[in-house]
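Those sequence lines, one after another, are chains A and B.
With positions in the first sequence counted from 1, the corresponding number in our numbering is that position plus 8.
Residue 244 in our numbering is what sits at position 253 of the second sequence, and the numbering runs on without skipping anything.
Every residue gets a Cβ at the ideal spot worked out from N, C-alpha and C, and that includes glycine.
Just so we're clear, the structure is a prediction, and the values are computed from it rather than from any experiment.
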Amino acid sequence: MTDSVVLTGVTKRFGDVLAVDDLHLSVADGEFFSLLGPSGCGKTTTLRMIAGFEFPTSGSLTIHGEEMALNPPNERPVNTVFQSYALFPHMTIEENVGFGLKMKKLASADIAQRVKRTLDMVQLSHRAAASPSQLSGGQQQRVALARALVNEPQVLLLDEPLGALDLKLRQAMQVELKDLQQRVGITFVYVTHDQDEALTMSDRIGVMSDGSLLQVGGPQDIYEHPRSRFVADFIGEINLMPAVAADRDSVKLLDGQVLMAAHGAQPGQAVTVAIRPERFTLYRPDDELPSGRSSISGKIIRRIYHGDVFVYDVETAEGLLEVKEENRPTIEIFEIDAPVTVTWNPSAATVIED
Amino acid sequence: MALTEIPDPVAQELESDAERVASRRGVLIALPSWVYLTVFFAVPLVIVLVYSFATRSSTGLTRLTGWNLDSYRRLFDPLVAEIAMRSVVLAVATTLICLAVSYPFAYYIATRAPKWRNLLIVLVLIPFWSNFLVRTYAWRIILGSDGPLAQITEALGMEPVRLLFTNSAILIGLVYGYLPFMVLPLYAALERMDWSLVEAARDLYADGWTAFRKVTWPLSRPGVIAGSILVFIPSLGAYVTPALLGGARTTLLGDYIVSQFLAARNQPFGSALSVAVMSVMLVAVIVYFRSGAKNL
Chain A
9 MTDSVVLTGV TKRFGDVLAV DDLHLSVADG EFFSLLGPSG CGKTTTLRMI
59 AGFEFPTSGS LTIHGEEMAL NPPNERPVNT VFQSYALFPH MTIEENVGFG
109 LKMKKLASAD IAQRVKRTLD MVQLSHRAAA SPSQLSGGQQ QRVALARALV
159 NEPQVLLLDE PLGALDLKLR QAMQVELKDL QQRVGITFVY VTHDQDEALT
209 MSDRIGVMSD GSLLQVGGPQ DIYEHPRSRF VADFIGEINL MPAVAADRDS
259 VKLLDGQVLM AAHGAQPGQA VTVAIRPERF TLYRPDDELP SGRSSISGKI
309 IRRIYHGDVF VYDVETAEGL LEVKEENRPT IEIFEIDAPV TVTWNPSAAT
359 VIED
Chain B
-8 MALTEIPDPV AQELESDAER VASRRGVLIA LPSWVYLTVF FAVPLVIVLV
42 YSFATRSSTG LTRLTGWNLD SYRRLFDPLV AEIAMRSVVL AVATTLICLA
92 VSYPFAYYIA TRAPKWRNLL IVLVLIPFWS NFLVRTYAWR IILGSDGPLA
142 QITEALGMEP VRLLFTNSAI LIGLVYGYLP FMVLPLYAAL ERMDWSLVEA
192 ARDLYADGWT AFRKVTWPLS RPGVIAGSIL VFIPSLGAYV TPALLGGART
242 TLLGDYIVSQ FLAARNQPFG SALSVAVMSV MLVAVIVYFR SGAKNL
């Protein structure tokens, strides 16, 4: 696979503030790549540098092999879908979508045809003559998408494009966006703070914090094998237990219990054991446990019913653990104060070196 | 939903009662301004309108008998046309210069960090802290034959520039006086500009100038229209500035109307002139707003 966007040692300072710190990233051609992180982590600044709205303080940025770090936005083969959509309020939908092609000085017949085709694709041909303010949020979103895609950019940049939509519409658009990306085959670089969005749509995710890229990987890799506390904590719910590395396959919890868990840390090194709540299974203390499972005993102190799952807070010697049990007809529902054994498959435990 | 159980006529009566109370309260709140505007604005305006149809007696008094259109006929006098044309040219020039100077400045203010914006706006307003007449007299000194301007140009070995009592002096005075009225609405329009729209234009292959032409300018047009009206109208009827800086050599609409009331003692003609100028301004404003409103 060829590289589409490559950032090498990209740093961006605003005065004294270090917004992006020595970023190395390579996005493959045709990939759906998400930059995920909390607000202020530098993900939007990174996107804006790819778009050309900000220039890196240092470092190199290439798009399809060409150095573009200092090119103005109009001289880059990329287009942006803005968080606020940024539709021109004084132009019709048709004029909005045709703006880029007009700037490229295409023949007006070509423009009309491509605008029509793109509006068809987002199912908005019937609103071509409307003005942006007459459209609903979801429709405006699709116009913003059409306005960028009609130019057939090599890379499409999306800055939290679904942020302003309500939950149902957002979920529908997630699926629609992913389908669209596969159909047009354009590289998408997608900025979001919503881990759900990143997990469902992306081919790969880059998790950012404080201007640094912490981990890059596929959704499953990021979710199941977080390499740092931050990534583990930011993506989904997770239980963290402080421990000390014992031999190669085990760690010792603070109370002395030895757990099976693969890791690469030196014996004696402080580590954190991370386990997702849904990887736990609860048993009664007198139940016989299946062989090979790790366990810790505790007491239920809270139970929350979510419909599809029950969430328990279990007090243990290692602190409070959150346990998620799927609401199947066969499960046992535990009451508050009931003594339980929290169990898990050793492979579910990820060891994070502190 | 207890309200829906009330029979309709009762509900309607309650509603109209509430409306009546609300509208009565509205009248009370607006009463002082109604009185003020009626006494000091509407009544004088009606007097001017009535006088414009009256006759001037041989002694210069206005006789409120024998209504006629003589004063309006005099408006087509070539002298009036010449004065009106001169005033319009000067007002248009003032408006265009104000726009050319203010737009970059308003743009600059609107794109500063918020903490600097207020400071810069205060700087624009500082001239208002002293009286307009006083400031116009200051221009007399600056532009006068022994003034700083003449001295500087002389010291530089050039012919000393003497602008006082010329049309240029009037233009300088008008631009100076009305500049804030252009800056403020332009700033207001540019300050609420969504700059991501400009970024979107740049992203869609527009260069900086094209993005300005296609996005920034059209979206700031309400400010351009408001500012132009605020500058053009007072410039057209300006009296103090031409009287002080233009001397007696060129007559403009403002001094011409004043001279009809004070020197020529022809109140009906002065009134007719006033009515004509106001009507033309009103029509111009309506047309200007309509043309701009289409694309807002």
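| Item | Value |
| --- | --- |
| Contact residues within the region 209 to 235 of chain B, judged by C-beta distance below 7 Å to chain A | Pro209, Leu210 |
| Selection of the region 55 to 86 of chain A by Cβ proximity to chain B, strictly under 9 Å | Arg56, Ala59, Gly60, Phe61, Pro80, Pro81, Asn82, Glu83, Arg84, Val86 |
| Interface residues of chain A facing B/Arg193 [CB-CB closer than 8 Å] | Gly60, Phe61, Pro80, Pro81, Asn82 |
| Whole-number beta carbon distance between A/Ala269 and A/Val252, since they are thought to touch under 8 Å | About 12 Å; that fails the 8 Å criterion. |
| CB contact below 7 Å: B/Leu177 versus chain A | no |
| Beta-carbon neighbours of A/Phe6, restricted to chain B and to distances below 9 Å | As displayed, chain A neither begins before 9 nor continues past 362, which places residue 6 of chain A out of reach and without an answer. |
| Burial state of B/Ser282 (16 or more Cβ within 10 Å) | exposed |
| Simplified DSSP state of A/Arg287, which is helix, strand or coil | helix |
| Under the three-state DSSP convention, the category A/Val215 falls into | strand |
| Check whether A/Gly219 and A/Val28 have beta carbons under 7 Å apart | yes |
| Cβ of B/Leu188 within 7 Å of any chain A Cβ | yes |
| A/Ala117 to A/Leu109 span [Cα, whole Å] | 11 Å |
| C-alpha distance - A/Thr53 paired with A/Val25, whole-angstrom precision | 12 Å |
| Residues that DSSP places opposite A/Asn87 in a beta bridge | A/Leu164 |
| Chain-ordered residues of the region 103 to 130 of chain A with a beta carbon less than 8 Å from chain B | Phe107, Gly108, Met111, Lys112 |
| Beta-bridge partners of A/Asn247, as assigned by DSSP | A/Ile283 |
| Short-range partners of chain A found in the region 81 to 102 of chain B, where Cβ spacing is below 7 Å | none |
| Residue-chain proximity (A/Phe90, chain B), Cβ-Cβ < 7 Å | yes |
| First and last residue of the uninterrupted beta strand (DSSP E) at B/Phe156 | B/Phe156 -> no beta strand (DSSP E), and no H or E assigned at all. |
| CB contact check: A/Ala138 to chain B, cutoff 7 Å | no |
| Spatially closest choice to A/Val13 from A/Ser66, A/Phe63, A/Ala77, by CA coordinates | A/Ala77 |
| Residues sharing a beta bridge with B/Arg77, DSSP | None, per the DSSP bridge assignment. |
| Coarse secondary structure for B/Ile88, derived from DSSP in three states | helix |
| Residue environment, B/Trp208, which counts as buried when at least 16 other CB atoms sit within 10 Å | exposed |
| Where the alpha helix (DSSP H) through B/Leu244 begins and ends | 244 to 253 |
| Residues near B/Trp58 by beta carbon distance below 6 Å, same chain, minus five either side | Phe44 |
| Run of the alpha helix (DSSP H) containing B/Trp58, from where it starts to where it stops | Looking at the DSSP string, B/Trp58 is not in any alpha helix (DSSP H), and its letter there is neither H nor E. |
| Residue from B/Ile112, B/Tyr279, B/Val278, B/Ser265 whose Cα sits closest to the Cα of B/Pro302 | Summary: the structure shown does not reach residue 302 of chain B, with chain B confined to residues -8 through 287, and so no result is reported for it. |
| Positions along the region 36 to 70 of chain B whose CB lies within less than 7 Å of some CB in chain A | none |
| Contact with chain D by A/Ala180, beta-carbon distance below 7 Å | Considering every chain present, this structure includes no chain D. Its protein chains are A and B. |
| As assigned by DSSP and simplified to three states, the class of A/Val369 | An answer regarding residue 369 of chain A cannot be provided, because it is not within the stretch 9 to 362 covered by chain A. |
| Close beta carbons around B/Ala97, own chain, < 6 Å, minus the five adjacent residues each side | Val174, Leu177, Tyr178, Leu181 |
| Member of A/Thr351, A/Arg125, A/Gly226, A/Gln203 whose CA lies at the smallest distance from the CA of A/Val192 | A/Arg125 |
| B/Trp186, buried or exposed, once every other Cβ within 10 Å from all chains shown has been counted against 16 | exposed |
| Segment contact, 8 Å Cβ cut-off, at least three pairs: the region 336 to 351 of chain A with the region 305 to 314 of chain A | yes |
| Under the three-state DSSP convention, the category A/Ile194 falls into | coil |
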